[in-house]
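Step one of this worksheet: look at the structure below.
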Amino acid sequence: MSDTNPNLIQEEDNNNPSAGAGAVPLVLIHDGGGTVFSYHLLGPLNRALYGIWNPCYYVPPRGRSRNWESIPEMAEHYITLITKTLPFPRDGGRGRRRVILGGWSLGGLLSLEIAHQIATQSEKDIGVDVLGIVMVDSICPLSYQKNHGGGRMEEEGGYSPISAQQQQQQPSSKDSTLEDGQNGAEGMNSKNVRVVQHAMEWSPHTRPETREAVTRCFSEAGRMVSQWKLPPQWADDNNSNEQTTRTVNGQRKNYYPGWSRSTTTTTTTDRNGREEGLLLQPPPPPPVILLRCAEPVPVVVPPVAEDGDDVVAVSRVDLDRRDPLLGWGRYRPDLITRVEELPGVHHFNIFTTAERLDIVTEKIKRACFKIESMAAKSS
Numbered sequence: 001m002s003d004t005n006p007n008l009i010q011e012e013d014n015n016n017p018s019a020g021a022g023a024v025p026l027v028l029i030h031d032g033g034g035t036v037f038s039y040h041l042l043g044p045l046n047r048a049l050y051g052i053w054n055p056c057y058y059v060p061p062r063g064r065s066r067n068w069e070s071i072p073e074m075a076e077h078y079i080t081l082i083t084k085t086l087p088f089p090r091d092g093g094r095g096r097r098r099v100i101l102g103g104w105s106l107g108g109l110l111s112l113e114i115a116h117q118i119a120t121q122s123e124k125d126i127g128v129d130v131l132g133i134v135m136v137d138s139i140c141p142l143s144y145q146k147n148h149g150g151g152r153m154e155e156e157g158g159y160s161p162i163s164a165q166q167q168q169q170q171p172s173s174k175d176s177t178l179e180d181g182q183n184g185a186e187g188m189n190s191k192n193v194r195v196v197q198h199a200m201e202w203s204p205h206t207r208p209e210t211r212e213a214v215t216r217c218f219s220e221a222g223r224m225v226s227q228w229k230l231p232p233q234w235a236d237d238n239n240s241n242e243q244t245t246r247t248v249n250g251q252r253k254n255y256y257p258g259w260s261r262s263t264t265t266t267t268t269t270d271r272n273g274r275e276e277g278l279l280l281q282p283p284p285p286p287p288v289i290l291l292r293c294a295e296p297v298p299v300v301v302p303p304v305a306e307d308g309d310d311v312v313a314v315s316r317v318d319l320d321r322r323d324p325l326l327g328w329g330r331y332r333p334d335l336i337t338r339v340e341e342l343p344g345v346h347h348f349n350i351f352t353t354a355e356r357l358d359i360v361t362e363k364i365k366r367a368c369f370k371i372e373s374m375a376a377k378s379s
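Under UniProt numbering, think of the first position of the sequence shown as 1, with each following residue one higher.
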């Protein structure tokens, strides 16, 4: 990996007419393995592309004295990396910088936490507006958290994703054992559901230290996601009582350009009736576009359980595969603005062939253009 973090993967293409002037930079956060290698495989996105890799991929960690304790801690550090790297707009832009966040799997979760922290920082305005988030098959962790560490749905290390040859012998995803009209794990008989642990496949040329680092990062990511409390209620939730003040240029004011909906503003007064300032609820989430894999991860499973019933085995990333929102509706029904399907692709083979890379590149490109369009309409 590059020594720089964030790593500039693609430069802004000022000579490409289709890119448009001043295209908003895209920052993609690493997946559970801690690297941004997959993002280097993407085709041109017609904008600056940065990748943030996990400093704790290395031992000892780079730029840190210890390993991560939580998802919010990671997000806080990544905000500092973003603010020190993002260029200021060439036209001045009132001195503010705009960014689109995103990432594959864990990267999408971290993007949501980063956006929430930026939106709710009351002590200072860092001068960065998150226009939106592009999640690449990022699954809401609530189902995993519900079933993690025991219970009737247990993670079985004895099963593994099947090979390409075995996959040809399996029924298609349309012949799934899930009942029609049911979504994810809730559509299964949980008595005989087995949550499959993904068995990583390595190239013969992969160095042992790389295997060790990626495996360690995946393990730590699983621990932190299982403990992560998703960002609390945003501004327009009915039961939200979270309020912050925001000071811009020495004045308290409602200043959240880039968000698609307005914030709630309340003028406060002292005991003599004089205005003290503005109480601002944080803005609602930025637009989130979800790129959703159409296929489940193929797995090899025993034909029957001990009680004679059929076993339903499912990869952890497929607990909500039948839900178009991948479980995010349980967190917040309006979080996902748009869903784009990645046809013929499952969670672990998105970046594995030229054809699939062309698909995901085009989907990310369109998602960024859509987010820019929504931001322009709301400004």
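Yeah, the Cβ is synthetic: ideal placement off N, Cα and C, and Gly gets one too. None of these values were measured; they are calculated from a predicted model.
- Item | For Val24, the nearest candidate out of Asp320, Phe88, Val300 (CA to CA) | As a position in the sequence shown, residue 24 is number 24, starting the count at 1. Looking at the Cα atoms, Phe88 is the closest of the given residues.
- Query: Does DSSP put Asp3 in a helix, a strand or coil?
  - Reply: If you number the sequence shown from 1, residue 3 lands on position 3. In the structure shown, Asp3 sits in coil (DSSP, three-state: anything other than H, G, I, E or B).
- Item | Helix, strand or coil at Asp129 according to DSSP, with G and I counted as helix | Residue numbering aside, residue 129 sits at position 129 when the sequence shown is read from its first letter. Asp129: strand per DSSP, three-state reduction.
- Message: In the DSSP output, which residue or residues are listed as bridge partners for Leu110?
- Response: Numbered from 1 along the sequence shown, position 110 holds the residue referred to as residue 110. Note: Leu110 sits in no beta bridge, so no partner.
- DSSP beta-bridge partners of Ser315: As a position in the sequence shown, residue 315 is number 315, starting the count at 1. The partner list for Ser315 (beta bridge, DSSP) reads Val196.
- Query: Nearest to Tyr50 by CA position, among Trp68, Ile71, Leu41, is which residue?
  - Reply: Looking up residue 50 in the sequence shown gives position 50. Per the Cα distances, Leu41.
- Could I get the ranges of all uninterrupted beta strand (DSSP E) runs contained in the segment 29-80, with 3 residues as the minimum, in chain order? 49-52
- Message: For a test of the three-state rule: what should DSSP assign to Gln227, helix, strand or coil?
- Response: Indexing the sequence shown from 1 puts residue 227 at position 227. If DSSP states are grouped into helix, strand and coil, Gln227 belongs with the helices.
- Message: By the three-class DSSP mapping on this structure, what secondary structure does Leu290 have?
- Response: The sequence position of residue 290 within the sequence shown is 290, counting from 1. Three-state DSSP puts Leu290 in a strand.
- Among the residues of its own chain, which have a CB less than 7 angstroms from the CB of Gly222, if the five just before and after it don't count? Taking the sequence shown and counting its residues from 1, the one referred to as residue 222 is at position 222. Around Gly222: no qualifying Cβ.
- Message: For Pro141, tell me which candidate among Arg321, Ile364, Asp334 has the shortest Cα-Cα distance.
- Response: Counted from its first residue, the sequence shown places residue 141 at position 141. For the residues Arg321, Ile364, Asp334, the minimum Cα distance to Pro141 belongs to Arg321.
- Cβ-Cβ separation, Ile100 to Ile359 (assumed contact under 8 angstroms), whole Å: Working through the sequence shown from its first residue, we reach residue 359 at position 359. Working through the sequence shown from its first residue, we reach residue 100 at position 100. Not quite, the Cβ-Cβ distance comes to about 19 angstroms (not below 8 angstroms), so this is no contact.
- Query: Excluding sequence positions up to five away, which residues of its chain have a Cβ less than 7 angstroms from the Cβ of Glu76?
  - Reply: Working through the sequence shown from its first residue, we reach residue 76 at position 76. Once the five neighbours on either side are set aside, the close Cβ partners of Glu76 are Gln117.
- Would you call Trp104 buried or exposed, if buried means 16 or more other Cβ atoms sit within 10 Å of its Cβ? The count along the sequence shown starts at 1 and reaches residue 104 at position 104. With 16 or more other Cβ atoms within 10 Å, it is buried.
- Query: If you draw a straight line from the alpha carbon of Cys217 to that of Gln197, how long is it in whole angstroms?
  - Reply: Taking the first residue of the sequence shown as position 1, residue 217 is located at position 217. Taking the first residue of the sequence shown as position 1, residue 197 is located at position 197. For Cys217 and Gln197, the distance between alpha carbons rounds to 15 angstroms.
- Cβ neighbours of Gly344 in the same chain (closer than 6 angstroms, five flanking residues each side left out): Position 344 of the sequence shown, counting from 1, holds the residue named residue 344. Once the five neighbours on either side are set aside, Gly344 has no close Cβ partner at all.
- Task: Specify the secondary structure class of Gly102 as computed by DSSP and reduced to three states.
- Result: Position 102 of the sequence shown, counted from the start, is the residue given in the question as residue 102. In this structure, Gly102 counts as strand in the three-state DSSP scheme.
- Message: Rounded to the nearest angstrom, what separates Pro55 and Pro6 at their Cα positions?
- Response: Start at 1 with the first residue of the sequence shown, and residue 55 comes out as number 55. Start at 1 with the first residue of the sequence shown, and residue 6 comes out as number 6. For Pro55 and Pro6, the distance between alpha carbons rounds to 10 angstroms.
- Could you tell me whether the segment 62-70 touches the segment 331-340, using the rule of 3 or more Cβ pairs below 8 angstroms? no
- Task: Could you check if His347 is buried or exposed, using at least 16 other CB atoms within 10 Å of its CB as the buried criterion?
- Result: The sequence position of residue 347 within the sequence shown is 347, counting from 1. With 16 or more Cβ atoms within 10 Å of its Cβ, His347 is classed as buried.
- Query: Roughly how many angstroms lie between the CA atoms of Ile114 and Ile52, to the nearest whole one?
  - Reply: Walking along the sequence shown from the start, residue 114 turns up at place 114. Walking along the sequence shown from the start, residue 52 turns up at place 52. Going from the Cα of Ile114 to the Cα of Ile52 covers about 12 angstroms.
- Message: Could you give the first and the last residue of the continuous beta strand (DSSP E) run that contains Val360?
- Response: Reading the sequence shown from its first residue, position 360 is the one you call residue 360. No beta strand (DSSP E) holds Val360; the alpha helix (DSSP H) holding it covers 354-378.
- Query: Given a threshold of 16 other Cβ atoms within 10 Å of its Cβ, counted over all protein chains shown, does Ala294 qualify as buried or as exposed?
  - Reply: Taking the first residue of the sequence shown as 1, we reach residue 294 at position 294. Result: exposed.
- Is Val214 helix, strand or coil by DSSP? Position 214 of the sequence shown, counting from 1, holds the residue named residue 214. If DSSP states are grouped into helix, strand and coil, Val214 belongs with the helices.
- Task: Determine which residues share a DSSP beta bridge with Arg97 and list them.
- Result: In the sequence shown, the residue the question calls residue 97 occupies position 97. Val128.
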